[in-house]
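**Student:**
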Amino acid sequence: MNGEYVIPPNAGPAWRAAAEYGFDMSLIEESLKLTPEQRLAEHQQVIDFMIELQESGQAHAAK
Amino acid sequence: MPQNDQALLMRLKDSGLEFVVIGGLCVVYHGVPVATFDLDICCPFGEENVRKIESAVKDLNPVHRLTANKLPLEETRSSFKDLKNIYLQTDIGKLDCLSEVSGLGSYEQVLQQSILHTMSFGAFRILNLDALIAAKAAAGRPKDLDAVRLLQAVKERKAQQKELF
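As structure tokens, this is what we get:
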């Protein structure tokens with residue numbers, strides 16, 4: 531079960547404000563565990579997947 | 006259309022062009038996972054530098070993607086010396102080259118606010134976190150301001166971690 535994101539007790543005002551604004555800060559926490567190069571590689575995978583989805587949707591719509 | 010940022014970066018580097026990576030890829034680099042579908046760089050312009058950009062992508066059918074009829078880059082050689090920004094579509098993705106960045110200034114000023122990071126596919130200059138926050142704040146679109154909120158949180162978290170060690 532996924533629970534609601536709990537703001538860490540040591541979170542600073544900017545982190546707290548972003549979480550309260552509605553951003554999923556667990557995604558930022560996960561990203562910060564990676565090296566910058568790993569983040570770029572993960573981003574590339576996401577982009578590749580999104581473009582594939584988009585093209586697949588366009589091909590389906592054209593049928 | 007694909008978007009292969011790593012390949013574009015390597016080609017630009019091989020062309021001998023000096024540049025700093027700006028924009029969405031920088032946001033990702035610094036720890037905020039956003040989806041960005043182009044590669045933005047800041048570089049010096051002038052005919053010689055635009056020719057380097059052209060040499061980096063010439064076999065990728067580069068066109069000025071914001072012109073009405075998507076003019077091929079090679080057909081605009083006569084205006085290379087006057088260009089200040091180039092927005093290209095290539096076979097491996099979009100590439101935007103800017104001579105200055107809002108909130109930061111000219112290429113020289115952008116360069117001073119960049120860091121050199123060595124990755125497995127090469128060493129590249131990337132905007133530092135403070136400069137990226139300033140640039141995104143100056144851009145001012147809702148998505149930029151969202152990035153500012155998250156980048157400020159990242160900056161704060163990094164400062165806290167530094168205090169621990």
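Chains as they are written, first to last, in the working numbering: chain A, 531 to 593; chain B, 6 to 170. Virtual Cβ for every residue (Gly too), placed ideally from N, Cα, C.
Check whether the stretch 537-556 of chain A touches the stretch 6-26 of chain B, counting contact only when three or more Cβ pairs, one atom from each stretch, lie closer than 8 Å.
**Tutor:** They do not touch, by the three-pair rule.
**Student:** Only counting runs of 4 or more residues, tell me where the alpha helix (DSSP H) segments fall wholly within the stretch 552-593 of chain A, in order along the chain.
**Tutor:** Complete alpha helix (DSSP H) runs here, min 4: 555-562 and 566-592.
**Student:** Report the start-end ranges of each alpha helix (DSSP H) in the stretch 121-156 of chain B that is 4 residues or longer and not cut off at the edges.
**Tutor:** Runs of the alpha helix (DSSP H) inside the stretch 121-156 of chain B: 134-144.
**Student:** Applying a beta-carbon distance threshold of less than 8 Å, which residues of chain A neighbour residue 159 of chain B?
**Tutor:** Per Cβ cutoff of 8 Å: 558 and 562.
**Student:** Along the chain, where does the alpha helix (DSSP H) containing residue 55 of chain B start, and where does it finish?
**Tutor:** Where residue 55 of chain B is concerned, the enclosing alpha helix (DSSP H) stretches over 52-62.
**Student:** Helix, strand or coil: how does DSSP classify residue 99 of chain B here?
**Tutor:** Three-state result, residue 99 of chain B: strand.
**Student:** Residues of chain A with CB under 9 Å from residue 125 of chain B, in chain order?
**Tutor:** The answer, in chain order, is 567.
**Student:** Report buried or exposed for residue 50 of chain B, applying the criterion of at least 16 other Cβ atoms within 10 angstroms of its Cβ.
**Tutor:** Looking at its Cβ environment, which holds 16 or more other Cβ atoms inside 10 Å, residue 50 of chain B is buried.
**Student:** Check the DSSP bridge columns for residue 107 of chain B and list the partner residues they point to.
**Tutor:** In DSSP, residue 107 of chain B forms no bridge with anything.
**Student:** Check whether the Cβ atoms of residue 111 of chain B and residue 143 of chain B lie closer than 8 Å to each other.
**Tutor:** Taking 8 Å as the Cβ cut-off, residue 111 of chain B and residue 143 of chain B do not qualify as a contacting pair.
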